[in-house]
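Right under this line is the structure:
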């Protein structure tokens, strides 16, 4: 079955990837059942937290250079971008910018008579205010329910203003997986922006990630390669050139494998299948595969030797200091397993992993970081609790594991660890721990976090958890 279909909308993850939200077991059982597609997407009877696909689509579009974003939604839905709008973000070159966002403000009357005129006015206002090179229209639940014809409005506006107007169908009610919003954003880019290349750029490597990072750019430059980041701080030209690269690498399978698999299928851009560079061997394998694809095997071999010499001394010290420390990891799906690989590489023991959802397969047909970790043979019995941001479950799992250190991706989990008296390390940026320098970075920060134990234990003594002993003991 084709990965990419030239339709207005991409198929949701529950149908496309057999994605699930809840699971309790161990890593081996998770992968065994995934490969036979036995896992069923059960849902909790209630939820305490959540996120919308529109917000994830916004995160794909908002930081593209020269891009305006229109939330075709009620004002409340559009406020999902407030976390981006309240302060500027610096790109890889240190230049700061705010996002360019307009909310069309669909109201009750519009749900009866339609809001196409408001959408047209919002596109014109974005052109007047921002002079964008591309405008993204993010659909909403209301727009989807009333059957708003965004496609026609976008096509008319594109002719009028002379630059791409990209519809993104990211209505939150269509999928229980908020990560379907990432797919919707990339689907819009693949449909409307990516151009068929005149020739292959053999030194260009697509890096599909939340944000660019000088560490990877510098690493690739050492072997004569250029990084083409997508999408944060990409230009329109960068996105148009995605199909001309020699290969694509992905860091978050949840975020990026749809785009990478579609580029391979449609344009022959090879997809690097080695695990992303989290840990020494995974980094070796990753850069080696890139070298094989781009014909730079000799340069890569020299680079690996050089990087090992730089880190070996400190890495040995960190492993001695951290050996045997128990770690619990809670983050997005495959990132949790990528972090687990670094944790194991540093000599620490993994006592639990909580990914926020799980795809039983990936676009392209493989199984990503969970399988890569499980195939190493030492992690079959590691407890895995798939749980979509529900603190009433997560807190119980973490408490039962009783780790020395909690590593989390999202800021809200910090409080959960501290309330339990557990030193907590935040991996808010996926780039902190990548490549050879990254493993040292994680090790250093883990040592610092472990030194806070007495402090967080003192805090925990004065905290009353919101859950009763009756609940926690069930």
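Residue numbers (our numbering): 1150 to 1623.
We treat Cβ as the ideally placed atom computed from N, Cα and C, and that holds for glycine.
Because the structure is a prediction, the values reported are computed rather than measured.
**Report entry** For residue 1397, the residue or residues it bridges with in DSSP
**Finding:** Residue numbering aside, residue 1397 sits at position 248 when the chain shown is read from its first letter. BP columns for residue 1397 point to 1355 and 1420.
Query raised in the report: What is the DSSP secondary structure of residue 1437, counted as helix, strand or coil?
Result: The residue you call residue 1437 lines up with position 288 of the chain shown. Correct three-state label for residue 1437: helix.
Query raised in the report: Is it true that the segment 1155-1171 meets the segment 1330-1347, where meeting means three or more beta-carbon pairs spaced less than 8 Å apart?
Result: yes
**Report entry** the segment 1301-1312 in contact with the segment 1386-1401 per 3-pair CB rule at 8 Å
**Finding:** no
Query raised in the report: Residue ranges of each beta strand (DSSP E) run of no fewer than 3 residues wholly in the segment 1185-1271, ordered along the chain?
Result: 1216-1220 and 1249-1252
Query raised in the report: At what residues does the alpha helix (DSSP H) containing residue 1536 begin and finish?
Result: By 1-based counting over the chain shown, the position of residue 1536 is 387. Taken as a continuous stretch (DSSP letters only), residue 1536 belongs to no alpha helix (DSSP H), as it is neither H nor E.
Requested in this report: Tell me whether the beta-carbon of residue 1168 lies closer than 8 Å to the beta-carbon of residue 1507.
Outcome: One-based indexing of the chain shown puts residue 1168 at position 19. One-based indexing of the chain shown puts residue 1507 at position 358. Yes, they are a contact pair.
Query raised in the report: Does DSSP put residue 1350 in a helix, in a strand, or in coil?
Result: Counted from its first residue, the chain shown places residue 1350 at position 201. If DSSP states are grouped into helix, strand and coil, residue 1350 belongs with the strands.
**Report entry** Span separating the alpha-carbon of residue 1364 from that of residue 1618
**Finding:** Locating residue 1364 in the chain shown gives position 215, where the first residue counts as 1. Locating residue 1618 in the chain shown gives position 469, where the first residue counts as 1. Whole-angstrom Cα-Cα distance: 46 Å.
Query raised in the report: Smallest Cα separation from residue 1531: which of 1486, 1589 and 1322?
Result: Within the chain shown, residue 1531 is the residue found at index 382, counting from 1. Residue 1531 has its Cα closest to that of 1486, out of 1486, 1589 and 1322.
Requested in this report: Give the straight-line distance between the Cα atoms of residue 1315 and residue 1178, rounded to the nearest whole angstrom.
Outcome: The residue you call residue 1315 lines up with position 166 of the chain shown. The residue you call residue 1178 lines up with position 29 of the chain shown. Their backbone Cα atoms lie some 41 Å apart in a straight line.
Report task. Please report how far the alpha carbon of residue 1380 lies from the alpha carbon of residue 1603, in whole angstroms. Result -> As a working mapping, residue 1380 is identified with position 231 in the chain shown. As a working mapping, residue 1603 is identified with position 454 in the chain shown. Each residue's alpha carbon lies about 41 Å from the other.
Query raised in the report: residue 1479 by DSSP, collapsed to three states: which one?
Result: Taking the chain shown and counting its residues from 1, one reaches residue 1479 at position 330. Strand, per DSSP.
Requested in this report: Since I believe residue 1557 is in contact with residue 1479 (beta carbons under 8 Å), could you give me their beta-carbon distance rounded to a whole number of angstroms?
Outcome: The residue labelled residue 1479 in the question sits at position 330 within the chain shown. The residue labelled residue 1557 in the question sits at position 408 within the chain shown. Indeed they touch by this definition, with Cβ atoms about 5 Å apart.
Query raised in the report: Tell me, which residues are paired with residue 1501 by DSSP?
Result: As a first step, residue 1501 is located in the chain shown; it is residue number 352 there, counting from the start. The partner list for residue 1501 (beta bridge, DSSP) reads 1477.
Report task. Would you please state the rounded distance, in angstroms, between the beta carbons of residue 1522 and residue 1490? I believe it to be under 8 Å. Result -> In the chain shown, the residue the question calls residue 1522 occupies position 373. In the chain shown, the residue the question calls residue 1490 occupies position 341. Between residue 1490 and residue 1522 the Cβ distance is about 6 Å, and since that is below 8 Å, they are a contact.
**Report entry** residue 1567 - containing alpha helix (DSSP H), residue span
**Finding:** Taking the first residue of the chain shown as 1, we reach residue 1567 at position 418. Taken as a continuous stretch (DSSP letters only), the alpha helix (DSSP H) holding residue 1567 covers 1561-1568.
**Report entry** Reference residue 1572, options 1153, 1590 and 1596, closest by Cα
**Finding:** Against the chain shown, residue 1572 aligns to sequence position 423. For residue 1572, the nearest C-alpha among the options comes from 1596.
Query raised in the report: So, helix, strand or coil for residue 1148, using DSSP?
Result: Outside the shown range of the chain, which is 1150 to 1623, sits residue 1148, and nothing can be said about it.
Requested in this report: Have a look at residue 1475 and residue 1528 and give me their C-alpha separation to the nearest angstrom.
Outcome: Within the chain shown, residue 1475 is the residue found at index 326, counting from 1. Within the chain shown, residue 1528 is the residue found at index 379, counting from 1. Distance between the alpha carbons of residue 1475 and residue 1528: 14 Å.
Query raised in the report: Does the distance from the CB of residue 1260 to the CB of residue 1291 come in under 8 Å?
Result: As a working mapping, residue 1260 is identified with position 111 in the chain shown. As a working mapping, residue 1291 is identified with position 142 in the chain shown. Against a cut-off of 8 Å, the Cβ pair of residue 1291 and residue 1260 comes out as a contact.
Query raised in the report: Between the segment 1258-1273 and the segment 1199-1206, are three or more C-beta pairs nearer than 8 Å?
Result: no
Requested in this report: Flag this pair as yes or no: are the beta carbons of residue 1418 and residue 1412 separated by less than 8 Å?
Outcome: For this step, residue 1418 is matched to residue 269 along the chain shown. For this step, residue 1412 is matched to residue 263 along the chain shown. Their beta carbons are under 8 Å apart, which means residue 1418 touches residue 1412 by this criterion.
Query raised in the report: For residue 1414, which residues from the same chain have a beta carbon less than 8 Å from its beta carbon, with the 5 sequence-adjacent residues on both sides left out?
Result: If you number the chain shown from 1, residue 1414 lands on position 265. If we look at residue 1414 and ignore the five residues flanking it on each side, its Cβ neighbours are 1151, 1152 and 1153.
Report task. Within 10 angstroms of the Cβ of residue 1294, are there 16 or more other Cβ atoms? Answer buried if so, exposed if not. Result -> Mapped onto the chain shown, residue 1294 falls at position 145. So residue 1294 counts as exposed.
Requested in this report: Name the one or two DSSP bridge partners that residue 1287 has.
Outcome: Sequence index remark: in the chain shown, residue 1287 carries index 138 (1-based). BP columns for residue 1287 point to 1220 and 1317.
Query raised in the report: By the 10 Å Cβ neighbour count, where 16 or more other Cβ atoms means buried, how is residue 1367 classified, buried or exposed?
Result: Along the chain shown, read from residue 1 onward, the residue named residue 1367 stands at position 218. So residue 1367 ends up on the exposed side.
Query raised in the report: Which one or two residues does DSSP pair with residue 1377 in a beta bridge?
Result: For the purposes of this step, residue 1377 is taken as the residue at position 228 of the chain shown. 1355.
**Report entry** the segment 1367-1376 / the segment 1184-1197 touching (three or more Cβ pairs under 8 Å)
**Finding:** no
**Report entry** Host beta strand (DSSP E) of residue 1173 (start-end)
**Finding:** Reading the chain shown from its first residue, position 24 is the one you call residue 1173. Residues 1172-1175.
Report task. Assign residue 1457 to one of three DSSP states: helix, strand, or coil. Result -> Residue numbering aside, residue 1457 sits at position 308 when the chain shown is read from its first letter. The answer is helix: DSSP assigns residue 1457 an H, G or I state.
Requested in this report: Could you name the residues that DSSP lists as bridge partners for residue 1507?
Outcome: Residue numbering aside, residue 1507 sits at position 358 when the chain shown is read from its first letter. Residue 1507 is bridged to 1169.
Requested in this report: Could you give the DSSP three-state label for residue 1554: helix, strand or coil?
Outcome: Residue 1554 sits at position 405 when you count from the first residue of the chain shown. Reduced to three states, the DSSP call for residue 1554 is strand.
Report task. Report buried or exposed for residue 1221, applying the criterion of at least 16 other Cβ atoms within 10 angstroms of its Cβ. Result -> For this step, residue 1221 is matched to residue 72 along the chain shown. That one is buried.
Query - Euclidean distance between Cα positions of residue 1550 and residue 1590 - result: On the chain shown, residue 1550 is found 401 positions in, with the first residue counted as 1. On the chain shown, residue 1590 is found 441 positions in, with the first residue counted as 1. Approximately 25 Å between the Cα atoms of the pair.
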